[in-house]
Amino acid sequence: MGKIQLLSEHIANQIAAGEVVERPSSVVKELVENSVDAGSTRVDVTIEEGGLTLIRVADNGSGMALEDCELAFQRHATSKIATSKDLFSIRTLGFRGEALPSIASVSRLECVTSATSDGLGRKITIEGGTIRNVEETGASRGTEVTVRDLFYNTPARLKYMKTIQTELGHISDYLYRLALAHPGIAFTLKHNGNVLLQTLGNGDLLQVIAGIYGTAIAKQMLPLQVESLDYTISGFVAKPEMTRANRGGISTIVNGRYVRNFALNQALLQGYHTLLPINRYPVAALHIGMDPALVDVNVHPSKLEVRFSKEAELTALIEAEVKRLFGRQVLIPQGIKPSVPKGAFVQEQLELTRTVEPVREPRRSPAGELEEEFFKDHKEEVTESKVIPTPVDINISADLNSLNNFKVSNESARIDKETSSRIQEVSPTYRQSASSSYDFDTLSKQPASAAPYTSNVPSGTGYPARQSTSTNSSYSSANNGPYRTTSIQQQRRTNEAFMDLMPSSEESDSPKLPVFPRLDPIGQMHGTYLIAQNETGLYLIDQHAAHERINYEYYYERFGNPAEASQELLVPITLEFTPSEAGVIADKLALFEQAGVFMEAFGGNTFLVRAHPHWFPSGEEKSIVEEMCELIISDRKALDIAKLREKAAIMCSCKASIKANQSLGMLEMETLIDRLASCRNPYTCPHGRPIVVSFTTYELEKMFKRVM
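All letters in the sequence shown, in the order written, are residues 10 to 717 by our numbering.
Structure (structure tokens):
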């Protein structure tokens with residue numbers, strides 16, 4: 010007798026159930042997706058004990074005809090596809106016909122359905138895959154499926170179930186994603202009688218985001234919309250200040266289906282680039298529409314993984330549009346954020362600021378390969394100054410008078426008190442020029458009798474113009490005595506090293522962001538933070554982060570630029586490696602040359618650096634080359650000139666920047682702020698930390714109880 014036997018239908022269904030029904034959330038997923046495919050506008054999900062005891066999904070969709078009710082629980086019975094060609098044009102969430110029989114084989118299932126509005130329906134009862142009863146019953150149009158005692162006949166599967174809260178988390182997470190994918194459907198999720206999710210189903214994606222993540226995050230979301238010949242992308246992305254510790258806040262929806270795709274996530278993160286802190290991730294909901302022929306959803310039984318035929322074009326389009334979106338925003342975070350509780354329900358009266366731009370004309374999307382794993386974990390080492398330098402002379406007398414005459418605008422008091430109020434946009438005076446607003450050398454050489462410098466802040470704003478006088482008074486610590494005055498020439502000589510480190514904005518041809526508020530410095534705190542103001546409020550600036558951003562854009566433009574000359578060394582730099590490391594370096598000598606570093610083998614495991622870019626920070630040349638070698642050794646396969654350029658620029662900018670506990674004069678503060686304003690991204694340092702934090706006039710008034 011042969012050993013090969015044909016499995017019974019019951020055993021085959023249980024095996025199939027192992028692929029489709031992994032846990033209670035799998036049951037909820039399959040049933041709710043059937044409801045969505047049925048054209049439902051309302052889907053109610055009720056679960057008990059994490060879904061192990063009870064799962065009930067009720068909808069008001071098209072329902073099933075009486076003759077289809079029993080057939081639906083047969084394997085590979087479906088109304089979604091009929092021919093093999095249909096697999097290349099799938100527009101529904103389900104299509105295999107495996108879910109219902111798989112669920113019925115490992116539970117006690119009851120289904121009540123009706124395809125008409127006459128109140129007549131059919132009820133079918135199945136236990137362990139065996140039909141126990143079929144009868145006619147009264148039912149409204151739609152379908153209600155009740156699953157009890159999940160995995161009652163497969164105790165081995167029950168052993169691997171997690172806690173109730175864990176299973177509940179998986180269920181709620183997928184319901185959240187589906188609600189984001191279909192804002193036009195009213196979803197309700199109840200667990201043990203408690204409502205966990207309730208959406209209105211009015212098609213407003215931002216209200217769904219508010220119901221899931223809370224109104225505080227929803228108010229920080231920016232609308233995104235773009236079209237190409239093949240793709241339509243819309244949705245919302247959070248401002249860089251609203252981040253999470255994992256990628257769980259990113260939802261990518263393709264043709265109404267929530268999918269998990271590494272390339273799409275990386276494209277989104279590439280769009281943020283250095284706006285995100287290391288190991289922090291944004292909140293985003295992106296709807297991607299395309300021809301079904303461009304995406305293959307028949308990859309995995311869970312249908313969460315898909316493949317794209319034009320993935321490079323899609324990822325390039327997402328990255329470019331996110332960058333363009335943030336390029337139009339003022340991304341200065343508020344210093345004081347109101348505490349807003351996370352909303353469990355979406356309220357009808359919720360009002361959120363929405364400004365959706367019209368869809369641009371279809372255009373051919375840019376093509377290009379996505380750099381893999383751009384936001385790779387890397388440690389940041391900021392060398393702090395151990396010796397606090399002598400305080401620099403600061404002119405604060407004029408600024409004290411400015412503060413006394415500071416006029417508060419009553420317009421900011423119109424901010425709504427309710428948590429669901431609209432956000433009032435700040436309207437600062439913006440800088441129009443990418444270059445510094447004054448010439449440092451010219452100003453420094455002015456005699457004491459010369460007229461003071463006046464900024465171009467428009468008159469009539471109630472805000473005094475910035476002035477630079479011929480003398481500066483400086484506040485010093487108790488050890489250094491009281492206020493004193495020195496000349497600007499003396500101040501410049503005191504901080505000559507600082508100015509040598511400042512790359513000129515005229516040397517970079519990078520386009521400047523169109524918006525950045527005009528800021529006038531009024532002092533420095535703890536030798537670390539600059540204090541500035543304008544007509545809208547007060548600003549704190551991290552001087553190290555600001556200088557780091559300036560240097561980063563300076564070095565990034567020069568790394569790998571063939572027009573940049575390398576400096577030949579009279580005495581070469583000697584580097585020694587282990588045998589395995591030396592082999593990697595020998596293979597990557599061409600990559601070093603592209604970055605302007607010329608090395609050659611010197612026998613054994615030793616290499617000589619014959620030349621390096623002339624703009625390497627003085628005294629840091631050897632350490633920079635050593636760290637470049639470490640980058641190449643640790644990432645020998647994926648690292649190319651683009652990644653090396655990025656990482657090396659970050660490394661050089663950190664080493665060349667001013668540190669904390671380093672006092673600056675008023676002129677240095679003004680120069681730093683002006684150079685920062687000329688950067689393409691003046692809001693975050695290369696590591697993603699914020700550079701500027703703002704306090705609006707209204708917030709300050711509220712702190713001092715001037716506004717109640």
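Yeah, the Cβ is synthetic: ideal placement off N, Cα and C, and Gly gets one too. Since the structure is predicted, the reported quantities are computational estimates derived from the model, not experimental observations.
Please tell me whether residue i and residue j are closer than 8 Å, where the distance is taken between their beta carbons.
i	j	result
Ile194	Gly210	yes
Gln533	Ser666	no
Glu590	Cys694	no
Thr122	Phe104	no
Gly212	Pro192	yes
Ile218	Ile327	no
Ile682	Ala554	no
Tyr564	Cys663	no
Leu284	Gly697	yes
Ala620	Ser575	yes
Tyr161	Ser116	yes
Leu231	Gln338	yes
Pro626	Phe525	no
Leu61	Leu159	yes
Tell me whether residue i sits in a helix, a strand or coil according to DSSP, three-state version.
i	result
Val634	helix
Leu40	helix
Ile99	coil
Asn274	helix
Val343	Sequence check: residue 343 is Gln here, not Val. DSSP places Gln343 in strand when its eight states are reduced to three.
Ile13	coil
Ala655	According to the sequence displayed, residue 655 carries Glu and not Ala. It is helical.
Glu314	coil
Thr208	coil
Ser243	strand
Glu320	helix
Met717	coil
Pro164	helix
Ala113	helix
Tyr281	helix
Gln542	strand
Glu602	helix
Gly257	helix
Pro286	coil
Glu328	helix
How would you write the range of the beta strand (DSSP E) that residue i sits in, first residue to last?
i	result
Ala294	293-299
Leu584	575-585
Glu677	Glu677 -> not in any beta strand (DSSP E); alpha helix (DSSP H) instead, spanning 675-686.
Arg131	129-136
Val54	51-57
Phe607	607-610
Ile594	That residue, Ile594, is in no beta strand (DSSP E); its alpha helix (DSSP H) goes 588-596.
Arg141	139-147
Leu61	Element bounds for Leu61: n/a, residue is neither H nor E.
Gln533	529-534
Whose C-beta lies closer than 6 Å to the C-beta of residue i among residues of the same chain, with five residues either side of it excluded?
i	result
Ile56	Ile64, His200
Val306	Ile99, Lys312, Val315
Ile13	none
Leu75	Arg131
Val119	Checking the displayed sequence, the identity of residue 119 turns out to be Glu instead of Val. Contacts found: Thr134, Thr155.
Glu136	Arg117
Which two residues bound the contiguous alpha helix (DSSP H) that contains residue i?
i	result
Tyr718	Since the displayed the chain opens at 10 and closes at 717, residue 718 lies outside it and no answer follows.
Glu557	552-567
Lys199	No alpha helix (DSSP H) holds Lys199; the beta strand (DSSP E) holding it covers 195-200.
Tyr707	706-712
Ile175	Here residue 175 turns out to be Thr, not Ile, going by the sequence shown. Run containing Thr175: 173-190, per the alpha helix (DSSP H) assignment.
Asp77	77-80
Assuming the contact rule is C-beta atoms closer than 8 Å, residue i and residue j should be a hit. Round their C-beta distance to whole Å, please.
i	j	result
Gly147	Ala113	The pair is not a contact, with the Cβ atoms about 23 Å apart (cut-off 8 Å).
Gln229	Lys248	5 Å
Ala227	Ile259	So it is not a contact: roughly 16 Å between Cβ atoms.
Arg262	Leu323	Here residue 262 turns out to be Ile, not Arg, going by the sequence shown. So it is not a contact: roughly 13 Å between Cβ atoms.
Glu39	Ala108	4 Å
Ser111	Val41	About 15 Å separates the two Cβ atoms, so there is no contact after all.
For residue i, which residues of its own chain have a beta-carbon under 8 Å away from its beta-carbon, when the five flanking residues on both sides are left out?
i	result
Glu573	Arg567, Gly605, Pro622, His623, Trp624
Arg253	Arg289, Tyr290, Pro291, Val292
Asn614	Glu585, Phe586, Thr587, Pro588, Glu590, Ala591
Val396	Low per-residue confidence applies at Val396: pLDDT is 31, beneath 50, and the placement is therefore not dependable, though the value from the model is reported in the following sentence. Cβ neighbours of Val396 beyond the five flanking positions: none.
So, for residue i: in the same chain, excluding its five sequence neighbours on each side, which residues have a beta-carbon less than 7 Å away from its beta-carbon?
i	result
Asp68	Ser44, Ala47, Ser49, Arg51, Val52, Gly151, Thr152
Ser318	Leu303
Ser71	Ala47, Gly48, Ala124
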